[in-house]
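S.K.: Quick one: structure below, then a few questions.
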Amino acid sequence: MDTLSAPLTIAFDYTRSLGPVLGRFMAGLRERRVLGGRTSDGRVHVPPLEYDPVTLTPVTDLVEVSPTGTVVTWTWTDHPREGQPLDRPFGWALIRLDGADTALLHAVDAGSAEVMRTGMRVRIRWAVDRTGHINDIECFEPGDGPPAQDARDGQPAQTARDGPQAQTAREPVTIMTTPIRLHYRHTTSAEEDGYLRALADGRIIGQRCPACRKVYVPPRVCPACGIAPDEVVPVADRGTVTTFCVVNVPFAGQRLTPPYVVAQVLLDGADIPVPHLILGVPAEAVRMGLRVAAVWRDRSAWATTPENIDHFEPSGEPDAPYESFAEHL
Amino acid sequence: MNEVAVIGFARSDRSVTTSGVETLVPVFEQALGQAGLGRREIDFWCSGSSDYLAGRAFSFVSAVDAIGAVPPICESHVEMDAAWALYEAYVKILAGEAETALVYGFGKGTAGELDRVLALQLDPYTVAPLWPDATGVAALQARLALDAGMFSERDMALVAAQREEASCVEALLDRPYTSMPLREHDAARVADGASAVVLAAADRVRGRRAAWISGIAHRVDPQGLGERDLTAVPSATGAARAAGLGADVDVVALHAPFTHQELLLLRALGLPRSTRRCPFPAHAMFSAGLSRIGAAAGEVMSGRAATAAAHATSGPALQQNLVVVLEA
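Shown next, in the form of structure tokens:
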């Protein structure tokens, strides 16, 4: 039987400081100019290197190269993936721009693989909205002349630098933002699977380490012994607060209004506490040793998730003595 | 002077969970069993893995659960194939800071879209934002070699046929391209998995079966895909020279995620195509390179070879390369 699994998407905007070389390179793209970095051996690198690989000194000499170049090698992708420059079949290519000595990777909007060949001439298609990012180059397209947009504007890109806002436009870009989104299928272990299926039944189970006899909830490989757990042990849905914190700080995605309490709850029959919310009692009244009981959601809402337990609240039993949970802090 | 030897190896080509813990427990038991050591006799633990692979933060910390870190252990991690973790452990033993080490790698390459995940190892300013797929990047390298006449698509299919026994080269060449000039068989099957290698200093090897490390080195090529000759793999050549690899080695275990890379590596390492090669069963991310070292060591420990070499790669288009030479 397959263990439980579920889709998982992770997304984050990576912001990166650019420094003097890439900052100028990106500022150049914003005004439709490609800058290469000249190293001590006279070679022009596009994209520019930040440090000279021979002398190890910072690269400072940036020179403009042509937006037109030659395909050095290529491949074809029939099924573009999320985030790639084009959403229709396109070619990836390493392209050596005229005036450069190294090749840059980008997409070629050639329409069909039959058009692609090593040595073909391609030119930049500039993005309409440019922000100082590598995506300011929308892609390359077959062609030997200057980029079509330059012709359409009736002026070569280079004259842009003489305009009234040219000085601002030429300020190096300091930060670039790249959104990263990755998709996964998260799969549980056999032990996690059993634990989640029991929860869907309104039961909490742990498993015992065959060596040290400790009961882990949720069940897991014993981190002290490095041994897989075996005996399945039913655990109560009530226990003792071993330690807790009062959350006073608001944060994105927060579901409760601060202040509220998150505690470590040592369920009766377990040797390791689980973290959970303590509600139904003022934050200042929560204490180590407080006895609490699970408040389950309506049975009709149960699924294979720890969310079946909405929170814990005081059970009304006398506090547990410190010695009874001192070992589990 | 031989000072460090491989004395144990185990691998698993399945990993059902994203943390690797459950897969590692039996792999450790098996490797330690072959080495004749208990886990408390390991002075240093070192792993290779990447959180991006399965989208699980600090998975290398979770993985320590599999060791049983009570009392506390000495441990380290690299976000590279675990072959590089082996290099760290080797240096640790040479430095006299450990006499034994267990090196492990793990990864669940099938948990995410590997072709996209690997885009994040590319230059974060000018390349990664374009999300080049890993197979596409490899295809750019393959075409350069084909255009240069270094080998043919048929030669590549021949490598694939050797990997997938019973495959007919003609049938393979009839298959469609996935990323021209690569076909499906040109990419090694991506697997989930884990492996572990046990190392020991000479004093601790005693009567155990051992494959002695006579040389080990790693090198890296520039990050920019357009900055280096993608067909020459100078870092592999440099690592082979520094590790003392000779063309007369009995058997070699290459870590080539794509068929054309196996052919490029033979040239870069100075090995004839007739060199006996350990089969490459599958590309288990972050443990495959370490497993190549284990496979080469197995050839020596079993007596099938007097000398063996292993190669591991990390990064895009063979950017980083490590070579180990082993002897009886």
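Residue numbers (the working numbering), protein chains in the order written: chain A, 1325 to 1653; chain B, 347 to 674.
Quick reminder that beta carbons are idealized off the backbone N, C-alpha and C, glycines included.
1. How is the alpha helix (DSSP H) around B:Arg509 delimited, first residue to last?
2. Any idea if B:Leu486 is buried or exposed, counting beta-carbon neighbours within 10 angstroms, 16 or more meaning buried?
3. So, is the C-beta of A:Leu1380 closer than 8 Å to a C-beta in chain B?
4. Could you tell me whether the Cβ of A:Gln1482 comes closer than 8 Å to any Cβ of chain B?
5. So which residues on chain B does A:Ile1504 lean against when the C-beta distance must stay under 8 Å?
6. Nearest by alpha-carbon distance to B:Val544: which of B:Gly640, B:Gln467, B:Asp359 is it?
7. Applying the 10 Å Cβ sphere with the 16-neighbour rule, what's the burial state of A:Ser1648?
8. In the DSSP assignment, find the beta strand (DSSP E) that holds A:Phe1464 and state where it starts and stops.
9. Taking Cβ positions only, does A:Pro1642 come closer than 8 Å to chain B?
10. Please report whether the beta-carbon of B:Pro662 lies at a distance below 8 Å from any beta-carbon of chain A.
11. So that I know if they touch, is there some Cβ in chain B lying closer than 8 Å to that of A:Val1389?
12. Write down the C-beta distance between B:Ala444 and B:Lys438 rounded to the nearest angstrom, noting that I regard them as a contact closer than 8 Å.
13. Which residues in chain A have a C-beta closer than 9 Å to the C-beta of B:Met502? List them in chain order.
14. Where does A:Thr1426 sit, in a helix, a strand or coil, going by DSSP?
15. Considering only the alpha carbon of each residue, which of A:Arg1562, A:Phe1568, A:Leu1506 lies closest to A:Phe1336?
16. Along the alpha helix (DSSP H) that carries B:Thr369, what are the first and last residues, could you check?
17. Of all the options B:Val473, B:Ala630, B:Ala588, which has the alpha carbon lying nearest to the alpha carbon of B:Gly573?
18. Within a Cβ cutoff of 7 Å, which residues of the same chain sit near B:Val515, ignoring the five residues on either side of it in sequence?
19. For B:Ala634, I'd like the list of residues in its chain whose CB is within less than 7 Å of its CB, leaving aside the five on either flank, ordered along the chain.
20. Report all residues from its chain with a CB closer than 7 Å to the CB of B:Tyr436; omit the five preceding and five following residues, and keep chain order.
21. So what's B:Lys454 in DSSP terms, helix, strand or just coil?
22. Between the Cα of A:Thr1498 and those of A:Leu1342, A:Asp1643, A:Arg1521, spot the shortest distance and give me the residue it belongs to.
23. Within the same chain, show all residues whose beta-carbon is closer than 6 Å to that of B:Ala465, passing over the 5 residues directly before and after it, in chain order.
24. What residue range is occupied by the uninterrupted beta strand (DSSP E) comprising B:Ala563?
25. So for B:Leu617, helix, strand or coil by DSSP?
26. Scan the region 1395 to 1417 of chain A for residues whose Cβ lies nearer than 8 Å to a Cβ of chain B and list them as they occur along the chain.
27. Can you tell me whether A:Pro1547 is buried or exposed? The criterion is at least 16 other CB atoms within 10 Å of its CB, across all chains shown.
28. Hey, is B:Met426's beta-carbon within less than 8 Å of any beta-carbon in chain A?
29. With 16 as the cutoff for other CB atoms within 10 Å, does B:Val373 come out buried or exposed?
30. Just tell me which of B:Gly592, B:Pro662, B:Leu672, B:Arg521 has its CA closest to the CA of B:Ser648.
M.R.: Taking the geometry as given:
1. For the purposes of this step, residue 509 of chain B is identified with residue 163 of the second sequence, where counting begins at 1. For B:Arg509, the uninterrupted alpha helix (DSSP H) segment begins and ends at 499 to 509.
2. Counting from 1 along the second sequence, the entry for residue 486 of chain B is found at position 140. Around the C-beta of B:Leu486, 16 or more other C-beta atoms lie within 10 Å, and the residue is accordingly described as buried.
3. As a position in the first sequence, residue 1380 of chain A is number 56, starting the count at 1. No - not a single Cβ of chain B is within 8 Å of the one on A:Leu1380.
4. Along the first sequence, one-based indexing puts residue 1482 of chain A at 158. Note that A:Gln1482 scores 48 on pLDDT, short of 50, meaning its location in the model is unreliable and no value can be drawn from it.
5. Working through the first sequence from its first residue, we reach residue 1504 of chain A at position 180. Residues of chain B whose Cβ lies closer than 8 Å to the Cβ of A:Ile1504 are, in chain order, Leu466.
6. By 1-based counting over the second sequence, the position of residue 544 of chain B is 198. A check of alpha carbon separations from B:Val544 across B:Gly640, B:Gln467, B:Asp359 identifies B:Gly640 as the nearest.
7. What you label residue 1648 of chain A is simply residue 324 of the first sequence in a count that begins at 1. Per the 10 Å Cβ criterion, exposed.
8. As a position in the first sequence, residue 1464 of chain A is number 140, starting the count at 1. It spans 1461 to 1466 - the beta strand (DSSP E) in which A:Phe1464 sits, taken as one unbroken run.
9. Start at 1 with the first residue of the first sequence, and residue 1642 of chain A comes out as number 318. Not an interface residue.
10. To locate residue 662 of chain B, count along the second sequence from 1; it is residue 316. Put simply, the CB of B:Pro662 is far from chain A, with every gap to its CB atoms at 8 Å or more.
11. In the first sequence, residue 1389 of chain A corresponds to position 65, counting from 1. So, not an interface residue.
12. Taking the first residue of the second sequence as 1, we reach residue 444 of chain B at position 98. Taking the first residue of the second sequence as 1, we reach residue 438 of chain B at position 92. B:Ala444 to B:Lys438, Cβ: 5 Å. Contact.
13. Counting from 1 along the second sequence, the entry for residue 502 of chain B is found at position 156. Here the premise fails: no neighbours, minimum Cβ distance about 14 Å.
14. Against the first sequence, residue 1426 of chain A aligns to sequence position 102. Reduced to three states, the DSSP call for A:Thr1426 is coil.
15. Translated into positions along the first sequence, residue 1336 of chain A becomes position 12. Residue A:Leu1506 holds the alpha-carbon nearest to the alpha-carbon of A:Phe1336 among A:Arg1562, A:Phe1568, A:Leu1506.
16. As a first step, residue 369 of chain B is located in the second sequence; it is residue number 23 there, counting from the start. For B:Thr369, the uninterrupted alpha helix (DSSP H) run begins and ends at 367 to 381, by DSSP.
17. Counted from its first residue, the second sequence places residue 573 of chain B at position 227. Position check: residue 573 of chain B holds Glu in this sequence, whereas Gly was assumed. Scanning B:Val473, B:Ala630, B:Ala588 for the CA closest to the CA of B:Glu573 turns up B:Val473.
18. As a first step, residue 515 of chain B must be located in the second sequence, where it is residue number 169. The beta carbon of B:Val515 sits closer than 7 Å to those of Arg500, Ala503, Leu504, Ala507, all from its chain and outside the five residues before and after it, given in chain order.
19. The count along the second sequence starts at 1 and reaches residue 634 of chain B at position 288. The residues are Asp427, His601.
20. Sequence index remark: in the second sequence, residue 436 of chain B carries index 90 (1-based). Result list for B:Tyr436: Val350, Leu545, Ile559, Ile562, in chain order.
21. Along the second sequence, one-based indexing puts residue 454 of chain B at 108. DSSP places B:Lys454 in strand when its eight states are reduced to three.
22. Indexing the first sequence from 1 puts residue 1498 of chain A at position 174. That would be A:Leu1342, whose Cα lies nearest to the Cα of A:Thr1498.
23. Residue mapping note: residue 465 of chain B aligns to position 119 of the second sequence, counting from 1. Only Ala474, Trp477, Pro478 meet the Cβ criterion.
24. As a working note, residue 563 of chain B is residue 217 in the second sequence. For B:Ala563, the enclosing beta strand (DSSP E) has its first and last residue at 557 to 566.
25. For this step, residue 617 of chain B is matched to residue 271 along the second sequence. If DSSP states are grouped into helix, strand and coil, B:Leu617 belongs with coil.
26. Of all residues in the region 1395 to 1417 of chain A, only Val1396, Thr1397, Trp1398, Thr1399, Trp1400, Thr1401, Arg1405, Glu1406, Gly1407, Gln1408, Pro1409, Trp1416, Ala1417 come within less than 8 Å of chain B when Cβ atoms are compared, listed by chain position.
27. Residue 1547 of chain A sits at position 223 when you count from the first residue of the first sequence. Buried, because 16 or more other Cβ atoms sit within 10 Å of the Cβ of A:Pro1547.
28. In the second sequence, residue 426 of chain B corresponds to position 80, counting from 1. Answer no: the Cβ-Cβ gap between B:Met426 and chain A never drops below 8 Å.
29. Your numbering for residue 373 of chain B matches position 27 in the second sequence. Buried is the call here.
30. Numbered from its first residue, the second sequence carries residue 648 of chain B at position 302. Nearest of B:Gly592, B:Pro662, B:Leu672, B:Arg521 to B:Ser648, Cα basis: B:Leu672.
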